[in-house]
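Chains as they are written, first to last, in my numbering: chain A, 733 to 847; chain B, 1239 to 1349.
Ideal Cβ placement from N, Cα and C applies to all residues, glycine included.
Below is one structure; the comments refer to it alone.
Structure follows, in structure tokens:
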């Protein structure tokens, strides 16, 4: 099984609708990253969460980290076609104090926004 | 500040050949991590370099190697290419291994 599970695998919404993507870890998280990717391109950094209960927002995107559940959620308010893409969560698992630049990624959520 | 750059952006090779990919990190960043992305396996960590030293390595065969230069630029090399090595290769730079910023990737096709 995957260390980091994302759900749903794909999502199709009408423009203007709100949506949530979840990322659940089977191991203790040190940090949780959210990225967006256009197909075949590089990853765009969205947010990094480190502390339980932490919540960050950027424009219409909000991410939260639930330390108890080892889970993060990404919420998009009033979605737009520009939000379409693949959303990936990446986990920083630390053992012995450092992860030395390794992120473990979920399988991604493909978001389609219909105008 | 300029972002992470990767060259070349696209590459076509045949089985058995070797290939070298290059990554220039954001100015001031000393850590470079490499990842392989395929439809079947997703994004997988290859290795990380910091100040010219490999600090971490993923579960890839020895055909995959890398190095980092004194200016923090990094290269990765794949020898004896196999069809399964076709993938998008991404590098990410960071100050010290956290908060990674990714380049546009190199699309490698092995025929």
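Members of the segment 799–833 of chain A near chain B, C-beta cut-off 9 angstroms: 820, 822, 824, 830, 831, 832 and 833
Identity of the residue in A:747, A:819, A:786 and A:802 nearest residue 917 of chain A by Cα: Absent from the structure is residue 917 of chain A, since the part of chain A shown begins at 733 and ends at 847.
Run down chain B in chain order and give the residues with a C-beta less than 8 angstroms from the C-beta of residue 786 of chain A. Within chain B, no residue comes near residue 786 of chain A; the closest Cβ sits about 14 angstroms away, beyond 8 angstroms.
Please say whether residue 789 of chain A and residue 797 of chain A have beta carbons closer to each other than 7 angstroms? Taking 7 angstroms as the cut-off, the Cβ atoms of residue 797 of chain A and residue 789 of chain A do not count as close.
Just checking, does the segment 1320–1331 of chain B make contact with the segment 750–763 of chain A on the three C-beta pairs under 8 angstroms criterion? No, they do not touch.
For residue 1274 of chain B and residue 1260 of chain B, which I take to be in contact (beta-carbon distance under 8 angstroms), what is that distance rounded to the nearest angstrom? Actually they do not touch by this definition, with Cβ atoms about 16 angstroms apart.
Compare the C-beta of residue 1351 of chain B against all C-beta atoms of chain A and say whether one is closer than 7 angstroms. Residue 1351 of chain B lies beyond the range of chain B shown here (1239 to 1349); nothing can be said about it.
Go through its chain and collect everything with a Cβ distance to residue 743 of chain A's Cβ below 8 angstroms, but skip five positions before and after it. 751, 753, 841, 842, 843 and 844
Entirely within the segment 782–830 of chain A and at least 3 residues each: give me those beta strand (DSSP E) ranges in chain order. 787–790, 793–798, 803–808 and 817–824
Could you name the residues of the same chain whose beta carbon sits closer than 7 angstroms to that of residue 1250 of chain B, not counting the 5 residues immediately before and after it, in chain order? Within the same chain, residue 1250 of chain B has close Cβ partners 1347 and 1349.
For residue 1307 of chain B and residue 1240 of chain B, what's the separation of their Cα atoms in angstroms? Near 19 angstroms, if we compare the C-alpha coordinates of residue 1240 of chain B and residue 1307 of chain B.
In DSSP terms, what residue 1344 of chain B is bridged to: B:1327
With a threshold of 16 other CB atoms inside 10 Å of the CB of residue 812 of chain A, please say whether the residue is buried or exposed. exposed
Nearest-angstrom Cβ-Cβ length linking residue 1290 of chain B and residue 1271 of chain B, presumed shorter than 8 angstroms: That pair is no contact at about 15 angstroms.
Any C-beta of chain A sitting closer than 7 angstroms to the C-beta of residue 1343 of chain B? yes
Quick check: what's the CA-CA separation for residue 1303 of chain B versus residue 785 of chain A? 39 angstroms
Run of the beta strand (DSSP E) containing residue 1301 of chain B, from where it starts to where it stops: Here residue 1301 of chain B belongs to no beta strand (DSSP E), and DSSP marks it neither H nor E.
Just tell me which of B:1327, B:1337, B:1242 and B:1263 has its CA closest to the CA of residue 1277 of chain B. The shortest C-alpha separation from residue 1277 of chain B is found at B:1327.
Is residue 768 of chain A near residue 817 of chain A, with beta carbons less than 7 angstroms apart? yes
Is there at least one Cβ from chain A nearer than 7 angstroms to residue 1281 of chain B's Cβ? yes
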